[in-house]
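Below you'll find the structure, written out as structure tokens, and then a few comments.
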Amino acid sequence: MSDQDLVVETVRDILAAHEPFVLTPSRPWDGALWTALAEAGLTGVGLPEEAGGSGGELADAVAVVATLAAGAAAVPVAEQLLVAGPALVTAGLDLPDPAEPLSFAIADGVTAEPSDDGDGPGAFVLQGVSADVAWSGVARRVAVLVQGPPRIGGSVLVLVDAARVAAAPGTNLAGEPTGSLDLDGVSAPGALLTEAQAAVLRARFALARAVQISAALQQVLAWTVQYAGEREQFGRPLGRFQAIQMELAEMAGEVTAVAAIVDAAVQALGRGDDVVLAAAAAKVRAGAAVEVVARLAHQVHGAIGFTQEHKLHHLTRRLWSWRDEAGSELHWSRVLGAGLLAAGPDALWPTLTRVV
Amino acid sequence: MSTPSLTLAPAPPSEAAEQVRAEVRRFLAEELAAGSFTTHVDTWLSGVDPAFSRKLGERGWLGMTWPSRYGGHERTAMERYAVTEELLAAGAPVAAHWIADRQSGPNLLRYGTEAQKATILPRIAAGECYIVIGMSEPDSGSDLASIRTRAARNGDGDWVVNGAKIWTSNAHASHYAITLVRTSPADPSNRHAGLSQLLIDLSTPGITVNPIRILDGGHHFNEVVFTDVVVPADMLLGTEGDGWHQVTAELAFERSGPERFLSTYPLLAEFARRVADSGDPAGVAVLGRLSARLLALRQLSLRIAAALDRGELPNLAAALVKDVGTTFEADVIDEIRRVVEVPASLDSPDPLGRALAEAQLHAPGYTLRGGTNEILRGIVARGLGLR
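Quick mapping for you: the protein sequence lines, in order, are chains Y and G.
In this text, residue positions in the first sequence follow the numbering used here: the first is 33, and each later residue adds one.
In this text, residue positions in the second sequence follow the numbering used here: the first is 12, and each later residue adds one.
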């Protein structure tokens with residue numbers, strides 16, 4: 033068994049004791065699961081030990097995130113392990129204790145002014161409101177990508193202490209907390225990012241969601257195949273009907289295509305390649321598959337899958353949310369299309385063969 | 012959690028493949044500049060150009076993975092993959108040799124006699140010998156077990172073939188037909204028994220090739236009629252009665268390559284030129300969305316090429332590529348149409364209008380050839396354990 037298999041096995045053992053549940057305003061996340069993961073050191077996987085993380089490779093962190101996504105776990109692990117954590121380390125900012133939930137947000141409308149004149153990481157005063165902050169109200173800290181000072185331009189990554197910021201609660205389609213943070217006048221440590229660094233950070237966020245989507249799609253397919261094999265109608269299992277077989281095969285095609293591009297983009301990130309176009313392709317392709325797979329999974333499951341009693345919605349509602357988050361398909365389609373044309377229209381094919 | 016039969020290991024980066032890719036790209040740019048070909052859609056069906064095929068043979072880009080004693084070049088499937096996708100992306104005329112290089116050669120390597128391999132494979136690798144697939148029949152469609160073309164032994168032990176094959180691409184421009192025939196009477200209890208493959212020289216007396224024109228007027232398909240055609244005994248391919256098994260293995264090679272999602276790539280490239288000129292944001296988004304699908308298919312297909320290099324036969328994933336890929340090929344047309352106002356016409360002064368017309372008139376074929384997508388989904392469903 034490889035290290036990565038061992039990590040996955042540990043996450044599965046922990047998950048087994050925490051069946052997915054319906055989120056409510058009074059129970060917005062799975063704090064007990066988080067505690068169990070943190071105690072096992074799994075909320076610091078892939079983050080360097082010298083920064084306070086648990087060490088390990090990007091692939092280990094991706095495996096943890098994918099396993100938890102397939103388990104419909106209501107915890108901010110993707111944000112912490114794949115986006116905010118690595119971004120803070122790269123920017124030279126202090127990584128908070130991995131045992132405390134950390135989230136990530138992109139706030140293009142928020143500006144940052146340095147409140148000291150030191151080089152490198154420093155203190156910034158923020159202005160504006162950050163909307164659509166995943167795990168708002170749950171995360172102790174949020175790494176926010178905001179606009180840099182007008183005279184400098186670029187972006188600034190700031191680390192906001194959520195306990196000292198006013199928040200307006202909201203939820204995504206899955207019922208997970210997604211609110212806004214009022215950052216007007218808030219002071220926070222931050223670091224200037226180049227345009228390229230900021231673009232990679234946005235891409236990381238999109239790729240993190242694509243990893244979650246891919247894992248959840250595989251699980252939805254597995255559940256649906258299993259259900260079709262067990263549920264009988266007209267005297268035989270649903271899966272014996274050719275019409276149902278066609279639908280399941282179509283789902284399998286979508287799921288497999290997504291897995292291929294998401295894996296390829298993750299590997300590109302691991303190699304340190306320019307990952308923006310690869311992540312864009314992964315997010316767009318994953319989002320497109322959600323449309324087909326969630327629709328057909330519900331169709332095959334029939335009425336029971338449309339209820340809160342059945343587990344299917346724990347993943348389909350997250351899939352519908354995740355495809356909108358970290359940049360929609362429209363946003364990333366435009367990024368990908370423009371990126372492919374950047375070297376001139378006659379270079380489309382050479383550019384395509386370089387993306388992943 | 013996952014469905015293991017569908018998961019393939021990633022393709023490791025290959026420097027050799029990138030090197031040959033650059034060579035092919037340079038060759039294609041030179042040929043285009045010299046006017047030796049013009050870009051078209053779906054050229055692996057319609058771009059028959061023996062002179063071009065021979066040029067590829069001279070450069071060592073046919074029979075790439077085969078042993079050198081048969082004229083091959085002992086290169087990896089990844090290198091061959093790079094060559095094939097460069098040719099398709101450029102819309103180059105590759106139809107003459109395509110089937111022979113893609114599946115007849117590997118089929119002969121697996122099942123052929125030493126004499127068959129020694130005679131035919133070097134000529135395929137040289138770009139001089141073209142082979143068609145004689146599988147389907149007028150009433151059989153995807154149901155190959157129902158075929159009726161018969162081969163019976165005469166007094167000399169040779170085969171006498173009677174019957175007809177249909178949809179044989181480029182039979183009029185090819186040298187051999189690897190023909191699936193019934194060599195013993197149909198057995199209702201085992202529909203797949205009693206079939207064999209014969210390697211039939213298309214210049215043999217008794218063979219008539221009748222053209223069947225497709226929607227754009229092009230002649231690629233044929234009906235091939237066999238009337239008392241005598242086929243020497245040593246032209247049996249593989250084992251008598253084992254034809255079904257041999258054909259099934261052959262189809263796995265046929266279904267996973269980049270031709271299953273790049274047939275309409277020249278249209279996408281033409282569309283990209285239009286979007287670059289116009290800057291239309293809707294067009295940019297469509298280019299991005301289609302490219303994301305293409306990139307995913309490419310990764311899937313590359314993984315299959317890598318699996319072939321490892322000696323695996325990933326039949327299920329191959330069926331998936333063909334299903335998802337050919338659906339994409341047709342969607343390219345629909346998505347582009349929604350954001351450009353360019354009438355599709357074969358004699359349009361606008362290259363985008365011509366590409367749309369070619370792609371549209373060829374579109375019904377994409378999801379049919381190599382097994383209909385419904386048949387492929389049946390294979391996937393079996394792989395999922397549903398039948």
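Backbone N, C-alpha and C fix where the C-beta goes; we use that ideal spot for every residue, glycine too.
Since we're looking at a predicted model, the values are computed, not measured.
Assign residue i to one of two classes, buried (16 or more other C-beta atoms within 10 Å of its C-beta) or exposed (fewer than that).
| i | result |
| --- | --- |
| leucine 38 (chain Y) | exposed |
| glycine 396 (chain G) | exposed |
| glycine 398 (chain G) | Looking at the sequence itself, residue 398 (chain G) is arginine, so the reference to glycine does not match. Arginine 398 (chain G) should be labelled exposed. |
| proline 117 (chain G) | buried |
| glycine 185 (chain Y) | exposed |
| glycine 381 (chain G) | buried |
| proline 15 (chain G) | Here proline 15 (chain G) scores only 44 on pLDDT, less than 50, and its place in the model should not be relied on; the value that follows carries that caveat. Proline 15 (chain G) should be labelled exposed. |
| isoleucine 131 (chain G) | buried |
| serine 79 (chain G) | exposed |
| phenylalanine 266 (chain Y) | exposed |
| leucine 324 (chain G) | exposed |
| glycine 256 (chain Y) | Looking at the sequence itself, residue 256 (chain Y) is threonine, so the reference to glycine does not match. Threonine 256 (chain Y) comes out buried. |
| aspartate 148 (chain Y) | exposed |
| glutamate 85 (chain G) | exposed |
| alanine 242 (chain Y) | buried |
| isoleucine 223 (chain G) | exposed |
| threonine 56 (chain Y) | exposed |
| valine 387 (chain Y) | buried |
| asparagine 221 (chain G) | exposed |
| arginine 236 (chain Y) | buried |
| aspartate 245 (chain G) | exposed |
| aspartate 345 (chain G) | exposed |
| asparagine 201 (chain G) | exposed |
Since residue i is in the beta strand (DSSP E), which residue starts that stretch and which ends it?
| i | result |
| --- | --- |
| tryptophan 77 (chain G) | Unbroken run through tryptophan 77 (chain G): none, as it is neither H nor E. |
| leucine 270 (chain Y) | From DSSP, leucine 270 (chain Y) is part of no beta strand (DSSP E); its letter is neither H nor E. |
| asparagine 233 (chain G) | 230-242 |
| valine 353 (chain G) | Taken as a continuous stretch (DSSP letters only), valine 353 (chain G) belongs to no beta strand (DSSP E), as it is neither H nor E. |
| proline 104 (chain G) | Premise fails: proline 104 (chain G) is in no beta strand (DSSP E) and is neither H nor E. |
| threonine 219 (chain G) | 218-224 |
| aspartate 212 (chain G) | 206-212 |
| valine 143 (chain G) | 142-145 |
Could you tell me how far apart the beta carbons of residue i and residue j are, in whole angstroms, since I believe they sit closer than 8 Å?
| i | j | result |
| --- | --- | --- |
| glycine 160 (chain Y) | aspartate 216 (chain Y) | 7 Å |
| alanine 313 (chain Y) | leucine 306 (chain G) | 4 Å |
| valine 77 (chain Y) | leucine 113 (chain Y) | 6 Å |
| alanine 303 (chain G) | leucine 368 (chain Y) | 6 Å |
| glutamate 97 (chain G) | arginine 36 (chain G) | 6 Å |
| valine 322 (chain Y) | arginine 355 (chain Y) | 5 Å |
| arginine 70 (chain G) | phenylalanine 38 (chain G) | 7 Å |
| valine 188 (chain Y) | glycine 222 (chain Y) | 5 Å |
Mind checking which residues open and close the alpha helix (DSSP H) that includes residue i?
| i | result |
| --- | --- |
| valine 324 (chain Y) | 308-333 |
| glycine 299 (chain G) | 292-320 |
| isoleucine 135 (chain G) | 125-136 |
| valine 31 (chain G) | 26-44 |
| isoleucine 46 (chain Y) | 35-48 |
| valine 367 (chain Y) | 361-373 |
| glycine 68 (chain G) | 61-69 |
| glutamate 358 (chain Y) | The sequence as given places alanine at residue 358 (chain Y); glutamate does not occur at that position. Unbroken run through alanine 358 (chain Y): none, as it is neither H nor E. |
| arginine 121 (chain G) | 116-122 |
| proline 382 (chain Y) | 380-387 |
| serine 57 (chain G) | 54-57 |
| glutamate 51 (chain Y) | Element bounds for glutamate 51 (chain Y): n/a, residue is neither H nor E. |
| serine 147 (chain Y) | Note, serine 147 (chain Y): premise wrong, no alpha helix (DSSP H); not H, not E. |
| alanine 280 (chain G) | 276-289 |
When the Cβ atoms of the region 321-333 of chain G are set against those of the region 96-115 of chain G, are three or more pairs found closer than 8 Å?
no
To test your reading of the DSSP string, which unbroken beta strand (DSSP E) runs of 3 or more residues are found completely within the region 157-242 of chain Y?
161-166, 173-179, 187-193, 198-200, 210-214 and 219-225
Which runs of the alpha helix (DSSP H) at least 4 residues long sit entirely within the region 60-138 of chain Y? Give them in chain order.
63-71, 90-102 and 117-123
Determine contact between the region 121-135 of chain G and the region 172-185 of chain G, defined as no fewer than three beta-carbon pairs at a distance below 8 Å.
no
Please list the segments of the alpha helix (DSSP H) lying wholly inside the region 155-202 of chain G, counting only runs of 4 or more residues, in order along the chain.
none
Is the region 259-278 of chain G touching the region 326-342 of chain Y, taking contact as three or more C-beta pairs under 8 Å?
no
Which runs of the beta strand (DSSP E), 3 residues or longer, sit entirely within the region 348-394 of chain G?
none
Validate contact between the region 174-190 of chain G and the region 227-234 of chain G using beta carbons, cut 8 Å, 3 pairs
yes
Is it a yes or a no for the region 199-217 of chain G touching the region 254-268 of chain G, going by three-plus beta-carbon pairs under 8 Å?
yes
Say whether the region 290-306 of chain G touches the region 359-366 of chain G, bearing in mind that this needs 3 or more beta-carbon pairs closer than 8 Å, one atom from each stretch.
no
Whether or not the region 347-355 of chain G and the region 248-255 of chain G are in contact is what I'm after, with contact meaning three or more pairs of Cβ atoms, one per stretch, closer than 8 Å; do they touch?
no
Within 8 Å, do at least three Cβ pairs link the region 202-220 of chain Y to the region 343-361 of chain Y?
yes
Check whether the region 274-285 of chain Y and the region 128-139 of chain Y are in contact - that is, three or more C-beta pairs closer than 8 Å.
no
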